[in-house]
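*Asks:* Numbers given in our numbering equal positions in the sequence shown, counted from 1, plus 224.
Take a look at this one; I'll ask things after.
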Amino acid sequence: MSIPFGRILGVVGWGSFGRRRARPRSQDHPISTTTHTARRSPLADADLLGSLAELARICANRPDRASFASSLVLQALRPFGARAAGVGMLDAQGYLDMRTMYGFPVGALRDGPRYALGDPFPLPESVRRGTVIEDEVPALVERYPGLAPIGLQGRFMIFLPLQLRGATIGGLAIEMDARPDHERHRVFWGAVCDLVSASLAIDELATARERGRRAGPLTARQREILAHMQRGLTNGQIARTMNFGTSTIGHDIMRIFDVLGVESRRDAVEAAMRAGILAAHEPDPTS
């Protein structure tokens, strides 16, 4: 199912971009910057509008999850000399799950790392604080030593929280050769985040609906097992709690995986919550 182009543009208020509407600074979204030593000419408005038009076209065509980050790098953000991109979404346990990556050595194209929001990396920090972080790569590696093994090749990086209807749903990391200059191009980067957020949300909704249709055959016992899995119980603990053999529980869990179309306990719990089989729970703030 394709999404009407006008619907995507409506999300970002396309008509207001050309007037360079001033977006008031929110205390919830301060900008984290440092003094830059390099100087480059700012990109022309035509380049920015061209990038937004290409990104809107990509989102309207609903790219598959594996190619979305590569589309950002190779098509939408070419004027910035983009080299790598990663898109992460907050999962039901409150972790930042990198859903698609391109250009980074780890997790190329899909299924990258999964971060706790307290991890000492810039993207989890950007998502946790609701801030934009941008800087030259050497300065970022100095502040976040965990970036060093990645072997970054670009000159700059920008990390942006993704929001939908006022709630943070994930984050976007981009490595590039041109300065992102969020302060100057605030409207542009806001529109990029809006488009990416809307595209991800629509994809998640479609996935949830599909998994909801497939989840019908689950038995009452399998739903109870899912609830225990959500609490983090092992197969043996579930067997003792429900007074069944461990092999019976293992067989039921494999059936749950088949019905939900997943391959792990974590994915099964997330799919069940998206399908309404399990109620979402708040992550433990002490974890």
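Virtual Cβ for every residue (Gly too), placed ideally from N, Cα, C.
1) If you drop the 5 nearest sequence neighbours on each side, which residues of the same chain put their C-beta closer than 7 Å to that of Leu341?
2) Measure from the alpha carbon of Phe345 to the alpha carbon of each residue in Ile473, Met322, Gly370 and Ala316, then state which is nearest.
3) Classify Ala432 as helix, strand or coil using the three-state DSSP reduction.
4) Kindly indicate which three-state DSSP category Leu487 falls into: helix, strand or coil?
5) How is the alpha helix (DSSP H) around Glu407 delimited, first residue to last?
6) Please confirm whether Met313 and Ala293 have their CB atoms less than 8 Å apart.
7) For Ala496, which residues in the same chain have their Cβ closer than 6 Å to its Cβ, ignoring the five residues on either side in sequence?
8) Roughly how many whole angstroms lie between the Cα atoms of Phe328 and Ile462?
9) How many angstroms separate the CA atom of Pro254 from the CA atom of Val486?
10) With burial defined as no fewer than 16 other Cβ atoms inside 10 Å of the residue's Cβ, what is the status of Gln454: buried or exposed?
11) Could you work out which residue in Phe304, Cys417, Ala300 and Leu298 is closest to Arg379 when comparing CA atoms only?
12) Measure from the alpha carbon of Arg490 to the alpha carbon of each residue in Leu457, Ser471, Arg464 and Val361, then state which is nearest.
13) In this structure, how does DSSP classify Asp315 when only helix, strand and coil are distinguished?
14) Report the rounded CA-to-CA distance for Leu273 versus Gly460, giving the unit in angstroms.
15) Could you tell me if Met400 is buried or exposed, where buried requires 16 or more neighbouring beta carbons within 10 angstroms of its beta carbon?
*Replies:* The relevant details are as follows:
1) Gly318, Leu320, Pro348, Val351 and Arg352
2) Gly370
3) At Ala432 the pLDDT is 49, less than 50, meaning the model places this residue with poor confidence; the figure from the coordinates comes in the next sentence. Looking at Ala432 - three-state DSSP - the assignment turns out to be helix.
4) In the sequence on display, residue 487 carries Glu and not Leu. Residue state, collapsed to three classes: coil.
5) First-last for Glu407: undefined, no H or E at that position.
6) no
7) Leu450 and Leu502
8) 39 Å
9) Bear in mind that the predicted position of Pro254 carries a pLDDT of just 42, short of 50, making it unreliable; the figure below should be weighed with that in mind. Roughly 38 Å between the two C-alpha positions.
10) buried
11) Phe304
12) Leu457
13) coil
14) 57 Å
15) buried
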